[in-house]
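Notes to accompany the following structure.
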Amino acid sequence: MFKKMLAAVIMLTDFLKIKEIPIVDGQVAFSDDQTAKLKEELSEKTLTELIEAFNKEIAENSDVKSINKEIEAILAAMKTPEEDAAASKKQKEPDAKDDDKDDTLAKLEALKLKMKEKDDLIKALISESEGDAPFQIIKGGKAKESMKHSTTHLFGSTKAYDAFEDRNWNKRAAGIVTSATDYTEATTIDKLNGDLELFFRENPEEITSLHRDNFGLPAHWAKRMNVVDRVADGSIATADISQARKLNWLPKNKQTIQPEEGKIFPISIDIEFVGHLLSSIEASWLNSFNKEGSQAYKMTFVRFLVAELDKKARAEDRVATIKAVYVPTPDGATKPGKFINRQNGLLYLYWKARDIDKKYRAFKLGTPTPSNIVDYIDNAIKALPLEIRNSLGLELQLSPAWLKAYKRRYESLYSLNQDYKGQPEYPKDYPNIRFTEVVDFEGTDFMAITFSDNIEILENLPKEKSLYKFEMLKRIIYVFADYKLGIRLKHIGNKVKVGDPDEFKVQTVWSNDVPIFSSDFFVPTFDDATGEINATFNQIQVDDAWATDITKINGMVPGTIVRIQGNTAMAATKNVKNNADLVIGSDFDLKSGGTLTMVVMADGKLKQLARTTAPEAAEVTAVDFTTGILDAALGNEFNHTGSGVAITEILNGVQGQVVKISGKAGAGSDVTLSTVGNIKVASAATLATDADYIELILVDAVWTEFNRVIA
Numbered sequence: 129m130f131k132k133m134l135a136a137v138i139m140l141t142d143f144l145k146i147k148e149i150p151i152v153d154g155q156v157a158f159s160d161d162q163t164a165k166l167k168e169e170l171s172e173k174t175l176t177e178l179i180e181a182f183n184k185e186i187a188e189n190s191d192v193k194s195i196n197k198e199i200e201a202i203l204a205a206m207k208t209p210e211e212d213a214a215a216s217k218k219q220k221e222p223d224a225k226d227d228d229k230d231d232t233l234a235k236l237e238a239l240k241l242k243m244k245e246k247d248d249l250i251k252a253l254i255s256e257s258e259g260d261a262p263f264q265i266i267k268g269g270k271a272k273e274s275m276k277h278s279t280t281h282l283f284g285s286t287k288a289y290d291a292f293e294d295r296n297w298n299k300r301a302a303g304i305v306t307s308a309t310d311y312t313e314a315t316t317i318d319k320l321n322g323d324l325e326l327f328f329r330e331n332p333e334e335i336t337s338l339h340r341d342n343f344g345l346p347a348h349w350a351k352r353m354n355v356v357d358r359v360a361d362g363s364i365a366t367a368d369i370s371q372a373r374k375l376n377w378l379p380k381n382k383q384t385i386q387p388e389e390g391k392i393f394p395i396s397i398d399i400e401f402v403g404h405l406l407s408s409i410e411a412s413w414l415n416s417f418n419k420e421g422s423q424a425y426k427m428t429f430v431r432f433l434v435a436e437l438d439k440k441a442r443a444e445d446r447v448a449t450i451k452a453v454y455v456p457t458p459d460g461a462t463k464p465g466k467f468i469n470r471q472n473g474l475l476y477l478y479w480k481a482r483d484i485d486k487k488y489r490a491f492k493l494g495t496p497t498p499s500n501i502v503d504y505i506d507n508a509i510k511a512l513p514l515e516i517r518n519s520l521g522l523e524l525q526l527s528p529a530w531l532k533a534y535k536r537r538y539e540s541l542y543s544l545n546q547d548y549k550g551q552p553e554y555p556k557d558y559p560n561i562r563f564t565e566v567v568d569f570e571g572t573d574f575m576a577i578t579f580s581d582n583i584e585i586l587e588n589l590p591k592e593k594s595l596y597k598f599e600m601l602k603r604i605i606y607v608f609a610d611y612k613l614g615i616r617l618k619h620i621g622n623k624v625k626v627g628d629p630d631e632f633k634v635q636t637v638w639s640n641d642v643p644i645f646s647s648d649f650f651v652p653t654f655d656d657a658t659g660e661i662n663a664t665f666n667q668i669q670v671d672d673a674w675a676t677d678i679t680k681i682n683g684m685v686p687g688t689i690v691r692i693q694g695n696t697a698m699a700a701t702k703n704v705k706n707n708a709d710l711v712i713g714s715d716f717d718l719k720s721g722g723t724l725t726m727v728v729m730a731d732g733k734l735k736q737l738a739r740t741t742a743p744e745a746a747e748v749t750a751v752d753f754t755t756g757i758l759d760a761a762l763g764n765e766f767n768h769t770g771s772g773v774a775i776t777e778i779l780n781g782v783q784g785q786v787v788k789i790s791g792k793a794g795a796g797s798d799v800t801l802s803t804v805g806n807i808k809v810a811s812a813a814t815l816a817t818d819a820d821y822i823e824l825i826l827v828d829a830v831w832t833e834f835n836r837v838i839a
């Protein structure tokens, strides 16, 4: 019946899962459910116009007419170029016959099949991850055929690193073979090296995407490329120049130029695989197929391998660029150095400029707290020179925790303001100063103000970061990469006398005066057999191989607190010697693992402030209790502080949690436990002194005894 509206009829019947359009008394009559479903996809106006068009065609076509030509036209429009070529060839063949030329029903079925293929294609595209260019090429609606691999390449690509030849990992991905790659073959490693080089040369966009901009650092910080060793910029400071008219010639043009140098640090990555370990990575790559996400069917083993190797390295790039303190590794080192000592980070630059070089003076603001944070930041900004305070391009760097604390306190103080979307972008009343959240400032109360363009990330060649090289020796695969990275402050400040009216004006960095590094952050120092330490940081720990008595510590300025930590792993006892340069009362045993705390005097000598004789134990906060009901959510150690009590219940534990319950010395203060409630002990226990304790573990909702010490 429907001729003009045939395509619409087929789409609607397929959408509603019905065989034909319902007609009652010569009019289209959809059920209520069908109408509701259509309204979900079509506007009411469109649906009304569609039904009117159907009704109009019903009225114009009272008889069932042939729709053969209509179907042929629709099918022809949906044919792929390959199908057109095949049909043309068929028409030219002299013996070709078309017995079904007038078979309308067959053509209708063919049309429905085409529509289904289109629907399947649309669904596949909708489920595809957005933004990535897929390896597979979908042509003419034939997604399934296009997904097949060619006889020579994975995914049918033309890339050399997707080829099957001498690349067992690609054959496994295509299902051609099932055996793991033999990575003890030299030819395999050579092929992998060649593929890595090709991948980096052919896919620069992939590398850019892989590393992200600034690898997690604030995106607006500038980068400076092609730095081989170091860069320097000079800054000039000028004293006041004008004066009242006078008789004599009295020049006063005092100026100083001070260079600020930025250094880039060479960094190495050394990786060692036994053959079967690299095979396990190959298996992980294969397991990534047929999973939803941006990686499925869109990478080769080469990209996967580079990405896996890079994940940790790029995270370390971010952390080290902020928190690292450089310690050169001795040439004869037998164990790898820590990534946190591979370069000097931004916090170290602030520490050295403020506490050692005295290139800028910090504001004395005390310690920030959640209740004073809004006023604290306001006072820091008000302490800036007026012309700086009103300048554009400033940023206030702080940790995520303090930015959240500022937001919460601001909301509490100014509760009438209801616009609290996201994090605050700038301090109250200072839109010219942006908040810069630095994730690796977390754990410190330090905050700094500077110009955004005063910070520069230094790199030599960015692509070096992933130029990995594979070598093989005696069935072991070695992977290595070398690159350079650093960060600098273009200008910090010019030294002036304390109390100079311009003491805060000749600097471009301002901060509070709280400790920048935590008291438990130490850097290693290595023995050069001289007995002297040339310190570049004030908290140092001797290396395991230290074998010389320490007689002098250089490099720190008067007023600096210096802490040297021993090491229980040392082979033999060595001491920090009490002498004219180290006024510490008596020799300090480094093998004890304790910490010696000193201060640098005005004459350069170091004087003891305190010492410990053992490694610092991890702090455990015990919970005091006086009643017979304990709350395991408060802690794992419970100390009795009241009169005698019987423990009857322990609340809020989690499976596997261990609690330690200690008694109290003194008459009438016993703690008793027995099997009662959710407590199960081997036998009744009485804790009569503060040295008595019992340990319980939560298993299947019952606190069960597994250890006790009772005098």
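In my numbering, the protein residues as written are 129 to 839. All residues carry an ideal CB built from backbone N, CA and C; glycine is no exception. All values derive from a computational prediction rather than experimental measurement.
Should residue 498 and residue 531 be called a contact, given that it needs their Cβ atoms to be closer than 9 Å?
Indexing the sequence shown from 1 puts residue 498 at position 370. Indexing the sequence shown from 1 puts residue 531 at position 403. In this structure, residue 531 does not lie closer than 9 Å to residue 498 by Cβ.
For a quick check, are the C-beta atoms of residue 736 and residue 718 less than 9 Å apart?
On the sequence shown, residue 736 is found 608 positions in, with the first residue counted as 1. On the sequence shown, residue 718 is found 590 positions in, with the first residue counted as 1. Against a cut-off of 9 Å, the Cβ pair of residue 718 and residue 736 comes out as no contact.
Could you tell me how far apart the beta carbons of residue 681 and residue 663 are, in whole angstroms, since I believe they sit closer than 8 Å?
The residue you call residue 681 lines up with position 553 of the sequence shown. The residue you call residue 663 lines up with position 535 of the sequence shown. That pair is a contact at about 6 Å.
Could you check which residue in 603, 528, 543 has the C-alpha nearest to that of residue 569?
Taking the first residue of the sequence shown as 1, we reach residue 569 at position 441. Looking at the Cα atoms, 528 is the closest of the given residues.
Rounded to a whole number of angstroms, what is the C-alpha to C-alpha distance between residue 444 and residue 353?
Along the sequence shown, read from residue 1 onward, the residue named residue 444 stands at position 316. Along the sequence shown, read from residue 1 onward, the residue named residue 353 stands at position 225. Near 20 Å, if we compare the C-alpha coordinates of residue 353 and residue 444.
Name, in chain order, the residues that DSSP records as bridge partners for residue 758.
In the sequence shown, residue 758 corresponds to position 630, counting from 1. Answer by DSSP bridge pairing, in chain order: 778.
Taking the alpha helix (DSSP H) that residue 506 falls in, what are its first and last residues?
In the sequence shown, counting from the first residue as 1, residue 506 sits at position 378. That run of the alpha helix (DSSP H) goes 501-510.
Is it true that the CB of residue 670 sits closer than 9 Å to the CB of residue 695?
Walking along the sequence shown from the start, residue 695 turns up at place 567. Walking along the sequence shown from the start, residue 670 turns up at place 542. Taking 9 Å as the Cβ cut-off, residue 695 and residue 670 qualify as a contacting pair.
If you count every other CB in all the chains shown that lies within 10 Å of the CB of residue 543, and 16 or more means buried, which is it?
Within the sequence shown, the letter at position 415 stands for residue 543. Result: exposed.
Quickly, what does DSSP pair residue 394 with across the bridge? List them, please.
On the sequence shown, position 266 is the one that residue 394 refers to. DSSP lists 612 as partners of residue 394.
So, is residue 640 buried or exposed, given that buried needs 16 or more other C-beta atoms within 10 angstroms?
The residue labelled residue 640 in the question sits at position 512 within the sequence shown. Flag for residue 640 reads buried.
Can you give the beta carbon distance from residue 181 to residue 133, rounded, assuming they're within the 8 Å contact cut?
Numbered from 1 along the sequence shown, position 53 holds the residue referred to as residue 181. Numbered from 1 along the sequence shown, position 5 holds the residue referred to as residue 133. Sure, about 6 Å apart at Cβ, within 8 Å.
Under the assumption that residue 561 contacts residue 523 (Cβ atoms under 8 Å), give the Cβ distance between them as a whole number of angstroms.
For the purposes of this step, residue 561 is taken as the residue at position 433 of the sequence shown. For the purposes of this step, residue 523 is taken as the residue at position 395 of the sequence shown. That pair is a contact at about 7 Å.
Taking the CB atoms as reference points, tell me whether residue 474 and residue 609 lie closer together than 9 Å.
In the sequence shown, the residue the question calls residue 474 occupies position 346. In the sequence shown, the residue the question calls residue 609 occupies position 481. No. Outside cutoff.
How would you call residue 376, buried or exposed, if buried means at least 16 neighbouring beta carbons within 10 angstroms?
Residue mapping note: residue 376 aligns to position 248 of the sequence shown, counting from 1. Exposed, because fewer than 16 other Cβ atoms sit within 10 Å of the Cβ of residue 376.
Could you compute how far the alpha carbon of residue 146 sits from the alpha carbon of residue 301?
Counting from 1 along the sequence shown, the entry for residue 146 is found at position 18. Counting from 1 along the sequence shown, the entry for residue 301 is found at position 173. If you take the alpha carbons of residue 146 and residue 301, they lie about 42 Å apart.
Tell me which residues share the same chain as residue 294 and place their Cβ nearer than 7 Å to its Cβ, disregarding the 5 neighbours each side in the sequence.
To locate residue 294, count along the sequence shown from 1; it is residue 166. Counting only Cβ-Cβ distances below 7 Å, and skipping sequence neighbours, we find 315, 319.
Go to residue 693, then tell me how far its beta strand (DSSP E) extends in each direction, as first and last residue.
Counting from one through the sequence shown, the residue named residue 693 turns up at place 565. Note, residue 693: beta strand (DSSP E), 689-693.
Which residues bound the beta strand (DSSP E) around residue 351?
What you label residue 351 is simply residue 223 of the sequence shown in a count that begins at 1. It spans 350-352 - the beta strand (DSSP E) in which residue 351 sits, taken as one unbroken run.
Short of 6 Å in beta carbon distance, which residues of its chain neighbour residue 288, apart from the five on each side in sequence? Order them along the chain.
Along the sequence shown, read from residue 1 onward, the residue named residue 288 stands at position 160. Counting only Cβ-Cβ distances below 6 Å, and skipping sequence neighbours, we find 326.
With a CB to CB cut of under 8 Å and the five nearest residues on each side skipped, what residues in its chain are close to residue 830?
Counting from one through the sequence shown, the residue named residue 830 turns up at place 702. So the list reads 806, 807, 808, once near-sequence residues are dropped.
Less than 9 Å between the C-beta atoms of residue 651 and residue 455, yes or no?
On the sequence shown, residue 651 is found 523 positions in, with the first residue counted as 1. On the sequence shown, residue 455 is found 327 positions in, with the first residue counted as 1. In this structure, residue 455 lies closer than 9 Å to residue 651 by Cβ.
Hey, out of 714, 645, 688, whose CA is closest to residue 726's CA?
Your numbering for residue 726 matches position 598 in the sequence shown. That would be 688, whose Cα lies nearest to the Cα of residue 726.
Considering only the alpha carbon of each residue, which of 459, 448, 406 lies closest to residue 434?
Looking up residue 434 in the sequence shown gives position 306. Of the candidates 459, 448, 406, the one whose C-alpha sits nearest the C-alpha of residue 434 is 406.
So what's residue 783 in DSSP terms, helix, strand or just coil?
Along the sequence shown, one-based indexing puts residue 783 at 655. Correct three-state label for residue 783: coil.
Are the segment 478-486 and the segment 392-408 in contact at 8 Å, needing three or more beta carbon pairs?
Segments in contact, no.
Can you tell which of 155, 286, 450 has its C-alpha closest to the C-alpha of residue 567?
On the sequence shown, residue 567 is found 439 positions in, with the first residue counted as 1. Of 155, 286, 450, the residue nearest in Cα terms is 450.
Quick one: what does DSSP say residue 192 is sitting in, helix, strand or coil?
For the purposes of this step, residue 192 is taken as residue 64 along the sequence shown, with counting starting at 1. Here residue 192 scores only 38 on pLDDT, less than 50, and its place in the model is too uncertain to base an answer on.
Tell me the DSSP bridge mates of residue 583?
Taking the first residue of the sequence shown as position 1, residue 583 is located at position 455. Beta-bridge pairing links residue 583 to 617.
What's the C-alpha gap between residue 690 and residue 520?
Here the question's residue 690 lines up with position 562 in the sequence shown. Here the question's residue 520 lines up with position 392 in the sequence shown. Roughly 39 Å between the two C-alpha positions.
Would you grab the beta carbon distance between residue 612 and residue 588 for me? Rounded to a whole angstrom, and I think it's under 8 Å.
Numbered from 1 along the sequence shown, position 484 holds the residue referred to as residue 612. Numbered from 1 along the sequence shown, position 460 holds the residue referred to as residue 588. Residue 612 to residue 588, Cβ: 4 Å. Contact.
Hey, how far is the Cα of residue 657 from the Cα of residue 701?
Counting from 1 along the sequence shown, the entry for residue 657 is found at position 529. Counting from 1 along the sequence shown, the entry for residue 701 is found at position 573. Answer to the nearest angstrom: the Cα atoms are 15 Å apart.
Measure the C-alpha to C-alpha separation of residue 693 and residue 666 and round it to an integer number of angstroms.
Locating residue 693 in the sequence shown gives position 565, counting from the first residue. Locating residue 666 in the sequence shown gives position 538, counting from the first residue. So the two alpha carbons sit approximately 11 Å from each other.
Consult DSSP for residue 375 and reduce its assignment to one of helix, strand or coil.
Residue 375 sits at position 247 when you count from the first residue of the sequence shown. Residue state, collapsed to three classes: coil.
Could you tell me the alpha carbon to alpha carbon distance between residue 357 and residue 621, rounded to whole angstroms?
Locating residue 357 in the sequence shown gives position 229, where the first residue counts as 1. Locating residue 621 in the sequence shown gives position 493, where the first residue counts as 1. Those two C-alpha atoms are separated by around 23 Å.
Quick one, are the C-beta atoms of residue 470 and residue 501 less than 9 Å apart?
As a working mapping, residue 470 is identified with position 342 in the sequence shown. As a working mapping, residue 501 is identified with position 373 in the sequence shown. No, the Cβ-Cβ distance between residue 470 and residue 501 is not below 9 Å.
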